[in-house]
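2 protein chains.
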Amino acid sequence: MLQDEKRTSTYRNAILGNKHLFRGKVVMDVGCGTGILSMFAAQAGAAKIIGIDNSAIIERARKIIKDNNFEDDITLIRGKVEEVSLPEGIENVDIIVSEWMGQALFYESVLSTIIYARDKWLKPGGLIFPDRVALYLAGIEGEEELELSMNCWKDYYGLNMEAMRQWRLFEASIESIIPTRVVTNSCLVKNVDIYRIKEEDLSFTSQIHLQSRTDSLIHGFVLFFEVEFTSCVMRTGFSTSPLAYYTHWNHLTIYFDGKTLNTKKGEELFGSIRINPNSIVRVNIYLYIIQ
Amino acid sequence: MLQDEKRTSTYRNAILGNKHLFRGKVVMDVGCGTGILSMFAAQAGAAKIIGIDNSAIIERARKIIKDNNFEDDITLIRGKVEEVSLPEGIENVDIIVSEWMGQALFYESVLSTIIYARDKWLKPGGLIFPDRVALYLAGIEGEEELELSMNCWKDYYGLNMEAMRQWRLFEASIESIIPTRVVTNSCLVKNVDIYRIKEEDLSFTSQIHLQSRTDSLIHGFVLFFEVEFTSCVMRTGFSTSPLAYYTHWNHLTIYFDGKTLNTKKGEELFGSIRINPNSIVRVNIYLYIIQ
Numbered sequence: 001m002l003q004d005e006k007r008t009s010t011y012r013n014a015i016l017g018n019k020h021l022f023r024g025k026v027v028m029d030v031g032c033g034t035g036i037l038s039m040f041a042a043q044a045g046a047a048k049i050i051g052i053d054n055s056a057i058i059e060r061a062r063k064i065i066k067d068n069n070f071e072d073d074i075t076l077i078r079g080k081v082e083e084v085s086l087p088e089g090i091e092n093v094d095i096i097v098s099e100w101m102g103q104a105l106f107y108e109s110v111l112s113t114i115i116y117a118r119d120k121w122l123k124p125g126g127l128i129f130p131d132r133v134a135l136y137l138a139g140i141e142g143e144e145e146l147e148l149s150m151n152c153w154k155d156y157y158g159l160n161m162e163a164m165r166q167w168r169l170f171e172a173s174i175e176s177i178i179p180t181r182v183v184t185n186s187c188l189v190k191n192v193d194i195y196r197i198k199e200e201d202l203s204f205t206s207q208i209h210l211q212s213r214t215d216s217l218i219h220g221f222v223l224f225f226e227v228e229f230t231s232c233v234m235r236t237g238f239s240t241s242p243l244a245y246y247t248h249w250n251h252l253t254i255y256f257d258g259k260t261l262n263t264k265k266g267e268e269l270f271g272s273i274r275i276n277p278n279s280i281v282r283v284n285i286y287l288y289i290i291q
Numbered sequence: 001m002l003q004d005e006k007r008t009s010t011y012r013n014a015i016l017g018n019k020h021l022f023r024g025k026v027v028m029d030v031g032c033g034t035g036i037l038s039m040f041a042a043q044a045g046a047a048k049i050i051g052i053d054n055s056a057i058i059e060r061a062r063k064i065i066k067d068n069n070f071e072d073d074i075t076l077i078r079g080k081v082e083e084v085s086l087p088e089g090i091e092n093v094d095i096i097v098s099e100w101m102g103q104a105l106f107y108e109s110v111l112s113t114i115i116y117a118r119d120k121w122l123k124p125g126g127l128i129f130p131d132r133v134a135l136y137l138a139g140i141e142g143e144e145e146l147e148l149s150m151n152c153w154k155d156y157y158g159l160n161m162e163a164m165r166q167w168r169l170f171e172a173s174i175e176s177i178i179p180t181r182v183v184t185n186s187c188l189v190k191n192v193d194i195y196r197i198k199e200e201d202l203s204f205t206s207q208i209h210l211q212s213r214t215d216s217l218i219h220g221f222v223l224f225f226e227v228e229f230t231s232c233v234m235r236t237g238f239s240t241s242p243l244a245y246y247t248h249w250n251h252l253t254i255y256f257d258g259k260t261l262n263t264k265k266g267e268e269l270f271g272s273i274r275i276n277p278n279s280i281v282r283v284n285i286y287l288y289i290i291q
């Protein structure tokens, strides 16, 4: 994960490029992992940083923080955010930093943990890094992928395994989508203000409205997201779109069940998508085409 | 998993190439997944096949088995092998087939489930497919991987993350090792007779004895395994060695902690390796070199 250049450098720019926000402040790093964001905050002049993580990697983070002489600035706590207590003398925090985003934002993400930490510890007027995320959807061409999977299962060592194909096509999978396979515009599925989102907002249904860019075949969709740090002086963020730089999230795709949408340039598609945290694979898409 | 050609075709050859062993027999498929091995057994003339799996994929297997008209031959049971009951009228089985092998054989494998099924249901003189597996180890060159990881962590956005490097090197990882990186002979770590292995044999310490093939640098080890179906008329099996065809297991590697062994052609290395099921990452290697 540390080897995702785009992700790490954006967080670094957001923190080190905005020292005026961090100087002398109390910072919480939710799901701190190796402690990298905590150290960026220390470098930016934070008075105290509390890193929380429930995974064994925090033991490694202790050594890294010692190796970089940040022991006085950073306190690491191993445990669940919902169960830990803050160090003595600290009752709340000025800034929450976290890298919590899962596939298609919500899948296996810890956004509900961020909500918990925000409501319990963030001072009124405190900052969250990042504070705005948005989920998008676009239509993709996947003739080759479809062919491959259809041929593969139709006659699999002499057996009919079509049921596997159908299964696969209903499931979301992670792929690397080259830009030319994106054949529609992008449509906003959900815009999230991290200051205001509530636990119950994490399951939702959104309307889809797409427009075909060219005469093309649509075999499925790609879901991607944008992350923004709106408190920064300069516009700071990144996107996991197939049209942007590579990130370790890659692209989440969902194919139709063996069907192909034949669309002409400018044609519009309407539908809806249902998202549940921790079950992104059960996305349901209903489409109506206006020709 | 079904797309591992080497694996699936070997199982198919083992079963369909030995119909005389399967004809009229009762077969159990432990961890049947999509039901592919059960269907091979049905094609080979088995009278009755019982497929057991505790995962949701078995619901898909039900459809596949119906699509291929094997409903009368194959009975699928969803549940843990340790908890299920056999269909009425069946008290034991003639043959157990299973694809249970994990990384380096033992990691997250279900060998103990095979042992359980064997002791409870396999008739005296019954067969197990496969019935012999063996784990091997060889020394590998990894200068580039080592360089990469050392440079990466020494100065990571101005921070010293060397502790990450050390961590990584102690851990096992999955890689694709090209044959030229294997610089020693292979050494047998453990030979397993599936008819005789007991639960307590799954944790063990083995002696290592390797010989350098050329003047070379050794940076770590690769672990791989061989699988054999010794009841077959023709020698049938496959290997996950870097010198064999690709399989989905790929290669499990363990690097030294930043150290390099400088060996000359013919030099011998002695040591030991400790394997625990479900914690292959805690392999300990002690080496003595005879020059």
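Chains as they are written, first to last, in full-length UniProt numbering: chain A, 1 to 291; chain B, 1 to 291. Don't be surprised by glycine CBs; every beta carbon is placed ideally from N, CA and C.
Item, Value
"Inter-residue Cα distance where the pair is B/Gln43 and B/Leu37", "10 Å"
"Short CB-CB distance (under 8 Å) between A/Asn160 and chain B", "yes"
"Proximity below 8 Å, CB of A/Ser216 to CB of A/Thr247", "no"
"A/Asp67 - containing alpha helix (DSSP H), residue span", "57 to 67"
"Neighbour flag for A/Met39 against chain B, beta carbons, 8 Å", "yes"
"Endpoints, the beta strand (DSSP E) within which A/Ser173 is located", "172 to 175"
"Where A/Gly79 falls, given that 16 or more other Cβ within 10 Å makes a residue buried", "exposed"
"Beta-carbon proximity check, B/Thr184 vs B/Ala138, cutoff 8 Å", "yes"
"Chain A contact residues for B/Ile64, given Cβ-Cβ distances below 9 Å", "Leu159, Asn160, Met161, Glu162, Ala163, Met164"
"Short Cβ contact (8 Å threshold) for B/Ala151 with B/Lys123", "A quick correction: the sequence has Asn, not Ala, at residue 151 of chain B. No, the Cβ-Cβ distance between B/Asn151 and B/Lys123 is not below 8 Å."
"C-alpha distance - A/Glu88 paired with B/Met164, whole-angstrom precision", "30 Å"
"B/Phe129 - partner residues in DSSP beta bridges", "B/Val97"
"Contact with chain A by B/Arg282, beta-carbon distance below 8 Å", "Reliability of the predicted coordinates at B/Arg282 is poor, the pLDDT of 47 falling under 50, and the value obtained from them is presented with this limitation in mind. No, B/Arg282 lies away from the interface with chain A (no Cβ there is under 8 Å from its Cβ)."
"Residue-chain proximity (B/Thr10, chain A), Cβ-Cβ < 8 Å", "no"
"At least 3 beta-carbon pairs within less than 8 Å: the segment 120 to 135 of chain B vs the segment 192 to 201 of chain B", "yes"
"B/Glu5: first and last residue of the uninterrupted alpha helix (DSSP H) it sits in", "5 to 16"
"Residue span of the alpha helix (DSSP H) that contains B/Tyr116, given as start and end", "111 to 121"
"Length of the line joining the Cα atoms of A/Phe238 and A/Thr34", "21 Å"
"Bridge partner(s) assigned by DSSP for A/Phe221", "A/Gly139, A/Ile254"
"Test: A/Thr34 CB closer than 8 Å to a CB of chain B", "yes"
"When A/Lys259, A/Tyr157, A/Leu127 are compared against A/Glu145, the one with the closest alpha-carbon", "A/Lys259"
"Residues, ordered as in the chain, of the segment 66 to 88 of chain B that lie near chain A by beta-carbon distance below 7 Å", "Asp67, Asn68"
"Per-residue DSSP class, three states only, for B/Pro179", "helix"
"Close-in-space but distant-in-sequence residues of the same chain around A/Ala46 (CB under 8 Å, 5 per side omitted)", "Phe22, Arg23, Gly24, Lys25, Val26, Val27, Asp73, Ile95"
"Limits of the unbroken beta strand (DSSP E) element including B/His243", "For the record, residue 243 of chain B in the displayed sequence is Leu; it is not His. Counting along the chain, B/Leu243 falls outside any beta strand (DSSP E), and DSSP gives it neither H nor E."
"Neighbourhood of residue 302 of chain B by C-beta distance below 6 Å, restricted to the same chain and skipping five residues each side", "This structure cannot speak to residue 302 of chain B, because chain B is shown only from 1 to 291."
"Reduced DSSP category for A/Ile36 - H, G, I as helix; E, B as strand; rest coil", "helix"
"Nonlocal neighbours in the same chain, by C-beta distance under 7 Å from A/Ala117, ignoring five residues either side", "Met28, Val30, Val81, Ile96"
"Endpoints, beta strand (DSSP E) assigned at B/Leu269", "268 to 275"
"Residue range of the beta strand (DSSP E) that includes B/Lys19", "It is not in any beta strand (DSSP E) - B/Lys19 instead sits in the alpha helix (DSSP H) that spans 19 to 22."
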